[in-house]
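Enquirer: Residue numbers (my numbering), protein chains in the order written: chain D, 193 to 596; chain P, 2 to 152.
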Amino acid sequence: MKETIIPIGPFHPLLEEPELFTLRVEGETVIDVDVKIGWNHRGIEKLAQGLTWDQVPYLVERICGICSTSHPYACVLAMEEILDIKAPLRAQYIRSTVGELERIHSHLLWLGLAGHFVGYNTVFMWAWKYREFVLDSLEHLTGNRNHYAMFKAGGVRRDFSQKAMDFTMKSMDGVEKALKMFLGVVSDDPVLKKRLVGVGILTYEDAILYSATGPTSRPSGVDHDVRRDEPFDAYDKVDWDVVVLKEGDVFAKAACRILECIESVKIIRQCIENMPEGEIDAGVTDIPPGEGCGHYEAPRGEVFHYMRSDGTGYPIRHKIRAPTFNNLPTFKATCPGAHIADVALITAAIDPCYCCTERVGVVDNTGNKSVLTQDDLTKLSIDRTFAIRRDLGKLTWDPYSKLI
Amino acid sequence: MPLGLSSLKKSIWIYHMACSPCNNCDIEILDLLTPRFDVERFGVVLVGSVRHADALLCTGMVNRQIKPRLQEAYLQASKPCIVLAIGSCAINGNIFRKSYNMAGPVDRAIKEVDPNAIIVYVPGCPPKPEAMISSVVKAIGFLDTLKAKAK
């Protein structure tokens, strides 16, 4: 059969972010999918080098509006690794509470959009209706619906009031009830079953091969969660479970997200009930020379921040790796052979966040080349490494001292 | 123009354009359609094609790759067309204004192709859904003054 190429994007009514999908189809069957990004590139890593340590959490918060806790969380954990300190106990509980509230709002958002993609707008309206209660809690606790500006190196910026915590406990009852209803809806509804079961299966091997993280890999049987494997803050002080399923299809991904939300409700309840009294800020004044990494299990998977300090007021390197960067290429394994109507759902099942993932917008090498090959990139990388080694001679500290 | 203007203010159809935002204004725009705010009761509908739209909701600092696409989409929209610059990034670039990839905020990009464009600014990071509804109401009020001038 004749092969046809269908371009979708960059502006299209499906996802809210601009990206260009190129589908190669034979009839109704998709052979290959390719994605082009770059419409969201804002140069965050370069901007971070021009901001003070106190301003950087505000910037990384604005990498993505949906993960606006995960990025500052990983960022301040990296700063605290340089400082070699831990936040006070109350600050740790506050951080974990905000992180888990964000996970519920992100997963409910995805659930609604997934309903919208299968043409089941009732689910969209329901999920977003109950998501409002989570946003209300966040507004009471932190002062804003999104972009909470809670995080700083060595603590949090503001305390929770007792009234706000009571409100959150009350709204968690409603949210848990709604989540249990959704679990019933997803597992019982014949329409959703028909559209989700057996669609876009990501096998265990493929999940490992593409290094998928978070709710993309856990439904495929990969038992990995940063919060449990490398515990920090309140996560090892409360009782919760990692949700691991084995089917790997879109249905399992939806179920995994709802079950994770129920676990998050458990964490939030325990955090607020056991909220210790005391300081919320360790009083960090400056960051010493050194380097540090921070991981956090964002709603979409593991987010990683690397920061290097030379003792001045600004970071000299800030490297960010968002979860969608790993999860996005899995559509190469899941999409071929799928029906064209399912592709939107399969690509959306990883909960893509292009704002986080954006890498280089324009690649224009010398000699009017618009696309770089693997060899070009390797050469650029080697040149860059040599340049960094040359520069390091001027530094007053040894960056490899920590590794040995 | 008067006929177009009077029909425009009955039911504003909006088209959402994300011009390198952080996604936050975008989810708040989607929030408008859901039961808590439900803008459809005012006749505001999100449409799938820019050619059906009466208002463009632009979010984000416009980067170099998206700028020509934004201008092209604006030219394709049926006139008269209101541009709503949603969020601080769309107004002045906010925290991204010093980025190497910044190609001017929304109003500058639009006014390059149409100096007489109607632009409504909605500040906030992100603006609350109530602020967005209020901005649409104010835009309709502005259309009334335009109509009076046209007579």
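Idealized CB from N, CA, C, for every residue including glycine. A quick note: this is a predicted structure, and the numbers were derived from the prediction, not measured.
Could you tell me which of D:Asp415, D:Pro407 and D:Ile460 sits nearest to Ile450 (chain D), measuring between CA atoms?
Expert: As a working note, residue 450 (chain D) is residue 258 in the first sequence. Considering only alpha carbons, the answer is D:Pro407.
Enquirer: I'd like to know whether the C-beta atoms of Met1 (chain P) and Pro106 (chain P) end up nearer to each other than 8 angstroms.
Expert: The structure shown does not extend to residue 1 (chain P), since chain P is modelled only from 2 through 152, so no value can be given for it.
Enquirer: Considering only DSSP beta bridges, list what Cys485 (chain D) is partnered with.
Expert: Here residue 485 (chain D) refers to the residue found at position 293 when the first sequence is read from its first residue. Beta-bridge pairing links Cys485 (chain D) to D:Tyr498.
Enquirer: According to the neighbour-count rule (16 or more other Cβ atoms, all chains shown, within 10 Å of its Cβ), is Asn313 (chain D) buried or exposed?
Expert: On the first sequence, position 121 is the one that residue 313 (chain D) refers to. Asn313 (chain D) comes out exposed.
Enquirer: Name the DSSP beta bridge partners of Arg65 (chain P), please?
Expert: For the purposes of this step, residue 65 (chain P) is taken as the residue at position 64 of the second sequence. Partner(s): none; Arg65 (chain P) has no beta bridge.
Enquirer: Against chain D, does Asp32 (chain P) count as a neighbour if the rule is that its beta carbon must be under 8 angstroms from one of theirs?
Expert: The residue given as residue 32 (chain P) occupies position 31 in the second sequence. It does: the Cβ of Asp32 (chain P) has a partner Cβ on chain D nearer than 8 angstroms.
Enquirer: Pull up the distance between the alpha-carbon of Met18 (chain P) and that of Leu33 (chain P), whole angstroms please.
Expert: Numbered from its first residue, the second sequence carries residue 18 (chain P) at position 17. Numbered from its first residue, the second sequence carries residue 33 (chain P) at position 32. Distance between the alpha carbons of Met18 (chain P) and Leu33 (chain P) is about 15 angstroms.
Enquirer: Measure the CB-CB distance between Tyr101 (chain P) and Lys511 (chain D) and report whether it falls below 8 angstroms.
Expert: The residue labelled residue 101 (chain P) in the question sits at position 100 within the second sequence. The residue labelled residue 511 (chain D) in the question sits at position 319 within the first sequence. Their beta carbons are not under 8 angstroms apart, which means Tyr101 (chain P) does not touch Lys511 (chain D) by this criterion.
Enquirer: Name the DSSP beta bridge partners of Asp224 (chain D), please?
Expert: Translated into the one-based positions of the first sequence, residue 224 (chain D) becomes position 32. Asp224 (chain D) pairs with D:Arg216.
Enquirer: Our contact map puts Ile258 (chain D) next to Cys545 (chain D) with C-beta atoms below 8 angstroms; I'd like the distance itself, whole angstroms only.
Expert: Indexing the first sequence from 1 puts residue 258 (chain D) at position 66. Indexing the first sequence from 1 puts residue 545 (chain D) at position 353. That pair is a contact at about 6 angstroms.
Enquirer: How would you list, in chain order, the residues of chain P whose beta-carbon sits under 9 angstroms from the beta-carbon of Pro205 (chain D)?
Expert: If you number the first sequence from 1, residue 205 (chain D) lands on position 13. What Pro205 (chain D) touches in chain P: Tyr16, His17, Leu47, Val48, Gly49 and Ser50.
Enquirer: Hey, which unbroken runs of the alpha helix (DSSP H) at 4 residues or more fall wholly within the segment 20 to 71 of chain P?
Expert: Taking only runs of at least 4 residues, the alpha helix (DSSP H) segments lying wholly in the segment 20 to 71 of chain P are 25 to 33.
Enquirer: Taking the straight line between their C-alpha atoms, what separation do you get for Arg70 (chain P) and Ile15 (chain P)?
Expert: On the second sequence, residue 70 (chain P) is found 69 positions in, with the first residue counted as 1. On the second sequence, residue 15 (chain P) is found 14 positions in, with the first residue counted as 1. Each residue's Cα considered, the two are about 17 angstroms apart.
Enquirer: Buried or exposed for Thr60 (chain P), going by 16 or more other Cβ atoms inside 10 Å?
Expert: Residue 60 (chain P) sits at position 59 when you count from the first residue of the second sequence. Answer is buried; the Cβ neighbour count reaches 16.
Enquirer: Is it the case that the Cβ atoms of Ala114 (chain P) and Gln77 (chain P) are separated by a distance below 8 angstroms?
Expert: Within the second sequence, numbered from 1, the residue matching residue 114 (chain P) stands at position 113. Within the second sequence, numbered from 1, the residue matching residue 77 (chain P) stands at position 76. In the sequence as displayed, the identity of residue 114 (chain P) is Val instead of Ala. No, they are not a contact pair.
Enquirer: Please list the segments of the beta strand (DSSP E) lying wholly inside the segment 497 to 556 of chain D, counting only runs of 3 or more residues, in order along the chain.
Expert: As far as the segment 497 to 556 of chain D is concerned, its whole beta strand (DSSP E) runs of at least 3 residues are 507 to 513.
Enquirer: Would Ala74 (chain P) pass as an interface residue toward chain D - the criterion being a Cβ-Cβ separation below 8 angstroms?
Expert: On the second sequence, position 73 is the one that residue 74 (chain P) refers to. It does; some Cβ of chain D falls within 8 angstroms.
Enquirer: Using a beta-carbon distance below 8 angstroms, is Asn466 (chain D) in contact with chain P?
Expert: Mapped onto the first sequence, residue 466 (chain D) falls at position 274. With 8 angstroms as the cut-off, Asn466 (chain D) does not count as an interface residue toward chain P.
Enquirer: Taking C-beta to C-beta, are Arg349 (chain D) and Met357 (chain D) nearer than 8 angstroms?
Expert: To locate residue 349 (chain D), count along the first sequence from 1; it is residue 157. To locate residue 357 (chain D), count along the first sequence from 1; it is residue 165. Result no, Cβ atoms of Arg349 (chain D) and Met357 (chain D) do not sit closer than 8 angstroms.
Enquirer: Any beta carbon of chain P sitting closer than 8 angstroms to that of Gly291 (chain D)?
Expert: If you number the first sequence from 1, residue 291 (chain D) lands on position 99. No, its Cβ sits nowhere closer than 8 angstroms to a Cβ of chain P.
Enquirer: Just to make sure I have the definition right: I need the residues of chain D whose C-beta is within less than 7 angstroms of the C-beta of Gln77 (chain P). Which are they?
Expert: Locating residue 77 (chain P) in the second sequence gives position 76, where the first residue counts as 1. In chain order: nothing, as chain D lies at least about 10 angstroms away.
Enquirer: Determine, using beta carbons only, whether Tyr265 (chain D) comes closer than 8 angstroms to chain P.
Expert: As a first step, residue 265 (chain D) is located in the first sequence; it is residue number 73 there, counting from the start. No, Tyr265 (chain D) does not count as interfacial toward chain P.
Enquirer: On the three-pair Cβ rule with 8 angstroms, is the segment 362 to 370 of chain D touching the segment 325 to 340 of chain D?
Expert: A contact exists between the segment 362 to 370 of chain D and the segment 325 to 340 of chain D.
Enquirer: Glu294 (chain D) CB to nearest chain P CB: under 8 angstroms?
Expert: Numbered from its first residue, the first sequence carries residue 294 (chain D) at position 102. No, its Cβ sits nowhere closer than 8 angstroms to a Cβ of chain P.
Enquirer: In three-state terms, what does DSSP make of Lys148 (chain P)?
Expert: Within the second sequence, the letter at position 147 stands for residue 148 (chain P). Three-state DSSP puts Lys148 (chain P) in a helix.
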